[in-house]
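Take any residue in the sequence shown, note its place counting from 1, add 1, and you have its number in the working numbering.
Every residue gets a Cβ at the ideal spot worked out from N, C-alpha and C, and that includes glycine.
Since this is a predicted model, take the numbers as computed values, not measurements.
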Amino acid sequence: MRSSSVRAAHSCLAVVVVVVVALTLGTTDADDGARAAAQTFGRALVAGKAEALRPILPEHGKVHMTLSRLGPEEGSFGTRQVEAVFRDFLAKGTVASFDVVRCESDGRRSALAHGRATITDRDGRGGRIAFHLGFETEGDRWVLREVKETAE
(Lines of atoms letter the chains of each structure in order from A and count residues from 1; the text may use other names and numbers.)
(Lines give C-alpha, C1' and ligand atoms only; values in the text may rest on other atoms or scores of the structure.)
Protein backbone atom coordinates (compact mmCIF):
# COMPACT_ATOMS: atom_id res chain seq x y z
CA MET A 1 0.00 0.00 0.00
CA ARG A 2 2.79 2.36 0.93
CA SER A 3 4.64 1.90 -2.38
CA SER A 4 1.51 2.75 -4.40
CA SER A 5 1.09 5.93 -2.32
CA VAL A 6 4.71 6.86 -3.00
CA ARG A 7 4.27 6.18 -6.75
CA ALA A 8 1.09 8.29 -6.80
CA ALA A 9 2.88 11.12 -5.00
CA HIS A 10 5.78 10.96 -7.49
CA SER A 11 3.36 10.93 -10.43
CA CYS A 12 1.50 13.90 -9.01
CA LEU A 13 4.77 15.76 -8.42
CA ALA A 14 5.90 15.01 -12.00
CA VAL A 15 2.65 16.46 -13.38
CA VAL A 16 3.06 19.61 -11.27
CA VAL A 17 6.65 20.05 -12.47
CA VAL A 18 5.62 19.64 -16.12
CA VAL A 19 2.80 22.19 -15.73
CA VAL A 20 5.06 24.71 -13.98
CA VAL A 21 7.76 24.33 -16.65
CA ALA A 22 5.21 24.68 -19.46
CA LEU A 23 3.71 27.80 -17.90
CA THR A 24 7.16 29.29 -17.33
CA LEU A 25 8.27 28.60 -20.90
CA GLY A 26 5.02 30.04 -22.30
CA THR A 27 5.50 33.21 -20.27
CA THR A 28 9.14 33.43 -21.33
CA ASP A 29 8.17 33.13 -25.01
CA ALA A 30 5.50 35.79 -24.56
CA ASP A 31 7.94 38.05 -22.69
CA ASP A 32 10.49 37.53 -25.48
CA GLY A 33 7.92 38.44 -28.15
CA ALA A 34 6.78 41.53 -26.29
CA ARG A 35 10.40 42.49 -25.55
CA ALA A 36 11.22 42.14 -29.25
CA ALA A 37 8.26 44.39 -30.10
CA ALA A 38 9.49 46.97 -27.57
CA GLN A 39 12.95 46.79 -29.11
CA THR A 40 11.40 47.36 -32.55
CA PHE A 41 9.74 50.49 -31.15
CA GLY A 42 13.07 51.75 -29.81
CA ARG A 43 15.06 50.91 -32.96
CA ALA A 44 12.53 52.77 -35.11
CA LEU A 45 12.84 55.93 -33.02
CA VAL A 46 16.63 55.76 -32.76
CA ALA A 47 16.85 55.28 -36.55
CA GLY A 48 14.53 58.27 -37.02
CA LYS A 49 12.15 56.17 -39.14
CA ALA A 50 8.52 56.29 -38.06
CA GLU A 51 7.62 53.85 -40.85
CA ALA A 52 9.73 51.21 -39.06
CA LEU A 53 6.95 51.09 -36.43
CA ARG A 54 4.56 49.41 -38.90
CA PRO A 55 5.38 45.81 -37.89
CA ILE A 56 4.16 46.49 -34.33
CA LEU A 57 1.18 48.73 -35.15
CA PRO A 58 -2.27 47.13 -35.02
CA GLU A 59 -4.35 46.36 -38.08
CA HIS A 60 -7.50 46.84 -35.99
CA GLY A 61 -8.22 49.27 -33.19
CA LYS A 62 -6.24 52.19 -31.87
CA VAL A 63 -3.17 53.02 -29.83
CA HIS A 64 -3.61 55.20 -26.75
CA MET A 65 -0.75 57.69 -26.46
CA THR A 66 0.24 60.12 -23.75
CA LEU A 67 3.25 62.11 -24.91
CA SER A 68 4.71 65.33 -23.59
CA ARG A 69 8.22 65.93 -24.96
CA LEU A 70 7.59 63.78 -28.01
CA GLY A 71 4.16 65.33 -28.48
CA PRO A 72 2.29 66.95 -26.98
CA GLU A 73 -0.33 64.38 -27.80
CA GLU A 74 -2.91 62.54 -25.75
CA GLY A 75 -5.65 60.30 -27.02
CA SER A 76 -6.36 57.26 -29.13
CA PHE A 77 -4.82 57.13 -32.58
CA GLY A 78 -5.14 54.87 -35.61
CA THR A 79 -2.07 53.25 -37.14
CA ARG A 80 -1.42 56.01 -39.69
CA GLN A 81 -1.90 58.68 -37.05
CA VAL A 82 0.63 57.00 -34.71
CA GLU A 83 3.15 56.91 -37.50
CA ALA A 84 2.43 60.58 -38.32
CA VAL A 85 2.85 61.69 -34.68
CA PHE A 86 6.28 60.07 -34.47
CA ARG A 87 7.26 61.27 -37.96
CA ASP A 88 6.39 64.81 -36.87
CA PHE A 89 8.56 64.52 -33.76
CA LEU A 90 11.46 62.95 -35.66
CA ALA A 91 11.44 65.80 -38.20
CA LYS A 92 12.94 68.09 -35.51
CA GLY A 93 13.75 65.88 -32.53
CA THR A 94 15.94 62.82 -32.09
CA VAL A 95 16.11 59.72 -29.96
CA ALA A 96 19.79 58.93 -29.34
CA SER A 97 19.23 55.72 -27.37
CA PHE A 98 16.47 53.42 -26.19
CA ASP A 99 16.76 50.54 -23.73
CA VAL A 100 14.11 48.07 -22.63
CA VAL A 101 14.42 47.97 -18.86
CA ARG A 102 11.74 45.43 -17.98
CA CYS A 103 9.00 43.44 -19.66
CA GLU A 104 6.03 41.79 -17.95
CA SER A 105 3.43 39.55 -19.57
CA ASP A 106 0.41 37.48 -18.68
CA GLY A 107 1.87 34.86 -20.98
CA ARG A 108 -0.85 35.05 -23.61
CA ARG A 109 -2.58 38.29 -24.53
CA SER A 110 -1.03 41.33 -22.94
CA ALA A 111 2.35 42.68 -21.94
CA LEU A 112 3.85 45.84 -20.53
CA ALA A 113 7.37 46.96 -21.39
CA HIS A 114 9.28 49.68 -19.59
CA GLY A 115 11.99 51.55 -21.43
CA ARG A 116 14.31 54.53 -21.15
CA ALA A 117 15.38 56.88 -23.89
CA THR A 118 17.82 59.72 -24.32
CA ILE A 119 16.27 62.38 -26.52
CA THR A 120 16.70 65.84 -27.92
CA ASP A 121 13.26 67.39 -28.21
CA ARG A 122 11.99 69.76 -30.91
CA ASP A 123 13.30 72.74 -28.95
CA GLY A 124 16.83 71.30 -28.83
CA ARG A 125 16.64 70.34 -25.15
CA GLY A 126 18.27 67.05 -24.27
CA GLY A 127 17.14 64.70 -21.54
CA ARG A 128 16.08 61.25 -20.49
CA ILE A 129 12.51 60.01 -20.53
CA ALA A 130 10.79 56.77 -19.59
CA PHE A 131 8.33 54.85 -21.74
CA HIS A 132 5.60 52.47 -20.69
CA LEU A 133 4.52 50.44 -23.70
CA GLY A 134 1.40 48.30 -23.63
CA PHE A 135 1.16 45.38 -26.06
CA GLU A 136 -1.53 42.89 -26.99
CA THR A 137 -1.47 39.96 -29.35
CA GLU A 138 -3.11 40.37 -32.72
CA GLY A 139 -2.99 37.11 -34.59
CA ASP A 140 0.51 35.77 -34.12
CA ARG A 141 2.25 39.06 -33.32
CA TRP A 142 2.51 41.58 -30.51
CA VAL A 143 1.08 44.99 -31.38
CA LEU A 144 1.37 48.33 -29.65
CA ARG A 145 -1.76 49.44 -27.76
CA GLU A 146 -0.38 52.12 -25.46
CA VAL A 147 2.56 54.52 -25.33
CA LYS A 148 3.01 56.56 -22.20
CA GLU A 149 5.95 58.91 -21.86
CA THR A 150 7.00 60.04 -18.40
CA ALA A 151 9.85 62.12 -17.02
CA GLU A 152 12.70 60.13 -15.63
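Contacts around residue i, its chain only, beta-carbon distance under 7 angstroms, and the 5 residues preceding and following it disregarded
i	result
Pro1	Residue 1 lies beyond the range of the chain shown here (2 to 153); nothing can be said about it.
Gly79	Lys63
Glu105	Ala112, Leu113
Three-way DSSP call (helix, strand, coil) for residue i in this model
i	result
Asp100	strand
Glu52	helix
Leu68	strand
Gly79	coil
Proximity of residue i and residue j at Cβ, strictly below 8 angstroms
i	j	result
Arg123	Glu153	no
Ala35	Ala114	yes
Gly116	Phe136	no
Thr95	Gly49	yes
Ser77	His61	no
Val148	Phe99	no
Ala45	Leu54	yes
Own chain, CB closer than 8 angstroms to residue i, minus 5 neighbours either side, in chain order
i	result
Ala92	none
Beta-ladder partner(s) of residue i, from DSSP
i	result
Ser111	Glu137
Thr1	In the structure displayed, the chain extends from 2 to 153; residue 1 sits before or after that span and is not available.
Residues near residue i by beta carbon distance below 6 angstroms, same chain, minus five either side
i	result
Gly127	Thr121
Glu74	Met66, Leu68, Val86
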